[in-house]
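Have a look at the structure below, then the notes.
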Amino acid sequence: MSKLNKDVLYLILEEFQDDKKNLCSFLSVNKTWCEIIIPILWKNPWKYLKDEEKFLNVIISHLSMKSKDKLKSKGVNFIKNSYQKPSFNYISFCRHLNLNNLNEIINNIIIKRSEILIIQKVIIKLFINSNTKFTHLYLPQQFDYQIHLIPEAKRCFSELEFLSCNTRIKDDVLDGLKTLCESIKELEFFIEEENNNYGIVKLVEIPRRLLKIRLLTNKVFNDKSFCKILENSLIRHAFTTQHFKIIAEPITELLLSFKNLRVLELGGDSYIKWDCLKNLSLPFIQILRARRVPIQVLTSLIKNTSGTLIEIKINYISHDVAGNKRIIQTIYQKCPNLRFLLLLIRNNNIAELKNLLINCQHLEGLCILADNSQIYSFNESLLFNWNSLFNILVRSSPTSLFKFKFCFQDVPKMKYLNLFFYKWKSKHPMLLQTNLDKHFDLIKRYEEKGIIKKHDCVNTFEDFEWN
Numbered sequence: 058m059s060k061l062n063k064d065v066l067y068l069i070l071e072e073f074q075d076d077k078k079n080l081c082s083f084l085s086v087n088k089t090w091c092e093i094i095i096p097i098l099w100k101n102p103w104k105y106l107k108d109e110e111k112f113l114n115v116i117i118s119h120l121s122m123k124s125k126d127k128l129k130s131k132g133v134n135f136i137k138n139s140y141q142k143p144s145f146n147y148i149s150f151c152r153h154l155n156l157n158n159l160n161e162i163i164n165n166i167i168i169k170r171s172e173i174l175i176i177q178k179v180i181i182k183l184f185i186n187s188n189t190k191f192t193h194l195y196l197p198q199q200f201d202y203q204i205h206l207i208p209e210a211k212r213c214f215s216e217l218e219f220l221s222c223n224t225r226i227k228d229d230v231l232d233g234l235k236t237l238c239e240s241i242k243e244l245e246f247f248i249e250e251e252n253n254n255y256g257i258v259k260l261v262e263i264p265r266r267l268l269k270i271r272l273l274t275n276k277v278f279n280d281k282s283f284c285k286i287l288e289n290s291l292i293r294h295a296f297t298t299q300h301f302k303i304i305a306e307p308i309t310e311l312l313l314s315f316k317n318l319r320v321l322e323l324g325g326d327s328y329i330k331w332d333c334l335k336n337l338s339l340p341f342i343q344i345l346r347a348r349r350v351p352i353q354v355l356t357s358l359i360k361n362t363s364g365t366l367i368e369i370k371i372n373y374i375s376h377d378v379a380g381n382k383r384i385i386q387t388i389y390q391k392c393p394n395l396r397f398l399l400l401l402i403r404n405n406n407i408a409e410l411k412n413l414l415i416n417c418q419h420l421e422g423l424c425i426l427a428d429n430s431q432i433y434s435f436n437e438s439l440l441f442n443w444n445s446l447f448n449i450l451v452r453s454s455p456t457s458l459f460k461f462k463f464c465f466q467d468v469p470k471m472k473y474l475n476l477f478f479y480k481w482k483s484k485h486p487m488l489l490q491t492n493l494d495k496h497f498d499l500i501k502r503y504e505e506k507g508i509i510k511k512h513d514c515v516n517t518f519e520d521f522e523w524n
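Residues 58 to 524 in the working numbering are what the sequence shown lists, from first letter to last.
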């Protein structure tokens, strides 16, 4: 196969990087395919991880006999079950070094504390070598290993683009990271309630062009003095920042400085008011994802946009019929270029969906969270009107719309689903995801007819990935 053809094949197969099942099935095609697919699978092996013990054995199999003997001399005997030297140098293909996952694997498999520390150091040195270059580095909360002192570290992390760490990071580890972070484009911080390291502000100052920032925590930020200093340090990157995620309301007016923001992700506890969003103007915002954010402030935020939004995802926030109507109206008035939408639809506002479909002619994917507030009502007229919704979708959907997700507790009646699929026959075959626990024979029949291209029964509706 020519070099050009091999490069083209790589680009094609790379499109399957989130589809491990298909990628693995291609391994047996021939040697060329295998040589292309292995680097794709091992670019970020942590996301495919299921069997921790097998994975650890594969990693250990990269050790030289001298290193294995040295471990045995220290009483580390679990490696007797490791595999023979692999045909590929899998570690050399890694671009993500996830020391969070690595620590979890070692702690889950190795019982003796004394062995754990030895194995951690050996494996870290195995990953940080002269043949590997990492773009992503994930550090665990309790991390005290100075990886910058490993001779190969500077070369290994010379193309580092992403860093994830805890804000309680130790000074000696932090000082070492500062020497590796000039090329960083994405920062992810896990902020603790107390005892945060203020020195992390110095790390924030190092990247030349920071594009993506994520501030995460398990609780509302209680360390207000630390958060204030951290947020003020991030303002220096306001011009370049295009993607920002935060799960607690900022202490400062940080959001006002992000005038070039393309992606905003918000989420946290339901009692956070998020008043900072009410007068916020983001002229270039394209993607808005919100969890547990009051519907009235989201409505205000969308009103202040200028038609650039292409994706809106609003979830995990209860709101009344009036609030639901207002946000639907705001979306179809302010978002003519919308391509993907996830939103709760109240029964009383199903008719508003028609206006949304008419005004948002670029819509490709629609995820509807059905109003379940009257699920236990004996009055059928109060139940979610699936027949009305399906009729509106058939009659008013733009030609671009063929990807659907329906989330419900009150399962649509079979006759309504049947009519919906039957009337869709002249349109683009749909990609369908539901949390259905019945009617599979009906769906299968329409798959065979080509009306449904693919159906997945899922329990999560967190993204807009349709395959």
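A virtual CB, placed ideally from N, CA and C, is assigned to each residue, including glycine. Just so it is clear, the structure is predicted and the values come from calculations on it, not from any experiment.
Take the alpha-carbon of residue 307 and the one of residue 284: they are about 8 angstroms apart.
Taking the Cα positions, residue 385 is about 7 angstroms away from residue 413.
The beta strand (DSSP E) runs of length 3 or more contained entirely in the region 267 to 313 are, from start to end of the chain, 269 to 273 and 300 to 303. For residue 91, same chain residues with a beta-carbon under 6 angstroms away, outside a window of 5 residues either side, are 84 in chain order.
The region 180 to 188 makes no contact with the region 228 to 247, as fewer than three CB pairs between them are under 8 angstroms.
According to the DSSP assignment, residue 493 belongs to no alpha helix (DSSP H), since it is labelled neither H nor E. The shortest C-alpha to C-alpha distance from residue 178 to any of 111, 410 and 206 is the one to 206. According to DSSP, residue pairing for residue 427 in a beta bridge involves 402.
Proximity to residue 336 across 310, 328, 326 and 323 peaks at 310, based on C-alpha coordinates. Here DSSP, grouped into helix, strand and coil, assigns residue 97 to helix. Close CB contacts of residue 318 within its chain, under the 7 angstroms cut and outside five residues either way in sequence, are with 298, 299, 301, 339, 341 and 342 (chain order).
Listed as beta-bridge partners of residue 344 by DSSP are 320 and 368.
Counting C-beta atoms within 10 angstroms of its own C-beta, residue 215 has fewer than 16 neighbours from the protein chains shown and is therefore classed as exposed. Across the set 390, 507, 233 and 266, the C-alpha of 390 shows the shortest separation from the C-alpha of residue 362. Residue 509 sits in a strand when the DSSP states are folded into three classes. When DSSP states are grouped into helix, strand and coil, residue 125 belongs to the helix group.
For residue 155, the beta-bridge partners assigned by DSSP are 195. For residue 422, the three-state secondary structure derived from DSSP is strand. For residue 480, the enclosing alpha helix (DSSP H) begins and ends at 471 to 480. Residue pairing by DSSP puts residue 460 in a beta bridge opposite 422 and 488. Non-local C-beta neighbours of residue 344 in its own chain, meaning closer than 6 angstroms and more than five positions away in sequence, comprise 320 and 368, ordered along the chain.
Annotation for residue 440: no alpha helix (DSSP H) segment contains it, and DSSP assigns it neither H nor E. The way I'd put it, the region 457 to 466 doesn't touch the region 496 to 504; fewer than three beta-carbon pairs between them come closer than 8 angstroms.
Residue pairing for residue 223: DSSP places it in a beta bridge opposite 247. Nearest to residue 246 by C-alpha distance, out of 303, 235, 232 and 202, is 303.
Apart from sequence neighbours up to five positions away, the residues of its chain that approach residue 442 with a beta-carbon distance below 8 angstroms are 404 and 407, ordered along the chain.
For residue 501 and residue 491, the gap between their C-alpha atoms comes out near 14 angstroms. Around residue 449, the same chain offers 410 and 411 as residues with beta carbons nearer than 6 angstroms, after the five sequence neighbours per side are excluded. In this structure, residue 106 keeps its C-beta atom at 8 angstroms or more from the C-beta atom of residue 154.
Distance from the CA of residue 455 to the CA of residue 373, rounded to the nearest whole angstrom, comes to 27 angstroms.
When only Cα atoms are considered, residue 272 and residue 350 end up about 16 angstroms apart. Taking the CA atoms as reference points, residue 183 sits about 16 angstroms from residue 100. In the assembly as shown, residue 428 is a buried residue. Its beta-carbon has 16 or more other beta-carbons within 10 Å.
The C-alpha of residue 70 is placed about 11 angstroms away from the C-alpha of residue 77.
Of 286, 149, 466 and 444, the smallest CA-CA separation from residue 478 is found for 444.
Around the Cβ of residue 370, a 10 Å sphere holds 16 or more other Cβ atoms; the residue is buried.
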